[in-house]
Amino acid sequence: MTQVKSNKKDTSGEISYQISATVSQDESKINTELLSAGRFIIATNVLDSQELSNDSMLSEYKAQQSCERGFGFLKDPLFFADSIFLKSPERIESLGMIMGLCLLVYTLAQRHIRNALLESKSTIKNQLGKATNRPTLRWIFQCFQCIHLVTLNQEKHISNWNKDRDFILSLLPDDCLRYYQLVS
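Under numbering that gives the first Met the number 0, the residue at position 18 of the sequence shown is numbered 17, and the numbers go up by one with no gaps.
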């Protein structure tokens, strides 16, 4: 670093600094960092490396993370299913099966909406009001929380319906339309 004085008369004795540097790679430090990087221990019954390479095994494992995140609440200490609600291992297994099926339906519905948005080259607004073609199903559920079926003078009406909810529902199968009694 060198100190540079300005030659201009109107700078009133201003002092500036100029830095000169050279960037280079320190291979020993890079290797040390690579060696200290995290490790994945993944087991498989596919022993042929031609059929499943280490890289493809790792990418397959990482692709499951969205599904794994769905089970995060089961590990939450606030989820005391064993100590409060369930008294036998059979009931715990049953709850696990039900939760697995719920997660399967949730994931399939989310995938269906995302694929429909991609095919139609459309987007919906997320929680921040920004356009997205990858909404979570949780957000979709929240969009429909304020919908109510109101019966007035023997007639059924849907409250809080708007064009955004109508568009989202158009992305889903007809069974969802029947649920909101929009088709018979």
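Even glycine gets a Cβ: it sits at the ideal position worked out from N, Cα and C. Remember, predicted model here, so these are calculated numbers, not experimental data.
Could you spell out where the alpha helix (DSSP H) holding lysine 86 opens and where it closes?
The count along the sequence shown starts at 1 and reaches residue 86 at position 87. Premise fails: lysine 86 is in no alpha helix (DSSP H) and is neither H nor E.
Does the pairing of the region 163-171 with the region 108-121 give three or more beta-carbon distances under 8 Å?
yes
Tell me which residues share the same chain as tryptophan 160 and place their Cβ nearer than 7 Å to its Cβ, disregarding the 5 neighbours each side in the sequence.
As a working note, residue 160 is residue 161 in the sequence shown. Taken in chain order, the residues that qualify are Ile146.
Nearest-angstrom Cα distance between leucine 127 and phenylalanine 140?
Within the sequence shown, residue 127 is the residue found at index 128, counting from 1. Within the sequence shown, residue 140 is the residue found at index 141, counting from 1. C-alpha separation (whole angstroms): 16 Å.
Could you tell me the distance, in whole angstroms, from the CA atom of threonine 135 to the CA atom of serine 23?
Position 136 of the sequence shown, counted from the start, is the residue given in the question as residue 135. Position 24 of the sequence shown, counted from the start, is the residue given in the question as residue 23. The alpha-carbon atoms of threonine 135 and serine 23 are separated by roughly 43 Å.
Per DSSP, what are the beta-bridge partners of serine 158 in this structure?
For the purposes of this step, residue 158 is taken as residue 159 along the sequence shown, with counting starting at 1. Its beta-bridge partners are His147.
Per DSSP, what kind of secondary structure is isoleucine 14 in: helix, strand or coil?
The residue you call residue 14 lines up with position 15 of the sequence shown. Strand.
Using the Cα positions of arginine 133 and tyrosine 16, report the straight-line distance between them to the nearest angstrom.
The sequence position of residue 133 within the sequence shown is 134, counting from 1. The sequence position of residue 16 within the sequence shown is 17, counting from 1. Each residue's alpha carbon lies about 48 Å from the other.
If the criterion is Cβ atoms closer than 8 Å, does the pair isoleucine 189 and tyrosine 178 meet it?
An answer regarding residue 189 cannot be provided, because it is not within the stretch 0 to 183 covered by the chain.
Inter-residue Cα distance where the pair is glutamine 144 and threonine 150:
Taking the sequence shown and counting its residues from 1, one reaches residue 144 at position 145. Taking the sequence shown and counting its residues from 1, one reaches residue 150 at position 151. Roughly 18 Å between the two C-alpha positions.
Indicate whether tyrosine 60 and isoleucine 91 have their beta-carbon atoms separated by less than 8 Å.
Within the sequence shown, the letter at position 61 stands for residue 60. Within the sequence shown, the letter at position 92 stands for residue 91. Contact: no.
Assign alanine 42 to one of three DSSP states: helix, strand, or coil.
Taking the first residue of the sequence shown as position 1, residue 42 is located at position 43. If DSSP states are grouped into helix, strand and coil, alanine 42 belongs with coil.
Burial state of isoleucine 123 (16 or more Cβ within 10 Å):
As a working note, residue 123 is residue 124 in the sequence shown. Buried, because 16 or more other Cβ atoms sit within 10 Å of the Cβ of isoleucine 123.
Just mark leucine 148 as buried or exposed, buried being the case when its beta carbon has 16 or more other beta carbons within 10 Å.
Mapped onto the sequence shown, residue 148 falls at position 149. With fewer than 16 other Cβ atoms within 10 Å, it is exposed.
Buried or exposed (CB count within 10 angstroms, at least 16 for buried), leucine 117
As a first step, residue 117 must be located in the sequence shown, where it is residue number 118. Classification for leucine 117: exposed.
Grab me the residues of asparagine 125's own chain with a C-beta within less than 7 Å of its C-beta, minus the 5 sequence neighbours each way, in chain order.
For this step, residue 125 is matched to residue 126 along the sequence shown. Result list for asparagine 125: Thr131, Pro134 and Trp138, in chain order.
Going by the beta-carbon positions, is the gap between leucine 33 and threonine 43 smaller than 8 Å?
Start at 1 with the first residue of the sequence shown, and residue 33 comes out as number 34. Start at 1 with the first residue of the sequence shown, and residue 43 comes out as number 44. Going by C-beta atoms, leucine 33 is not nearer than 8 Å to threonine 43.
When the Cα atoms are used, what is the spatial distance from leucine 100 to leucine 107?
The residue given as residue 100 occupies position 101 in the sequence shown. The residue given as residue 107 occupies position 108 in the sequence shown. Near 11 Å, if we compare the C-alpha coordinates of leucine 107 and leucine 100.
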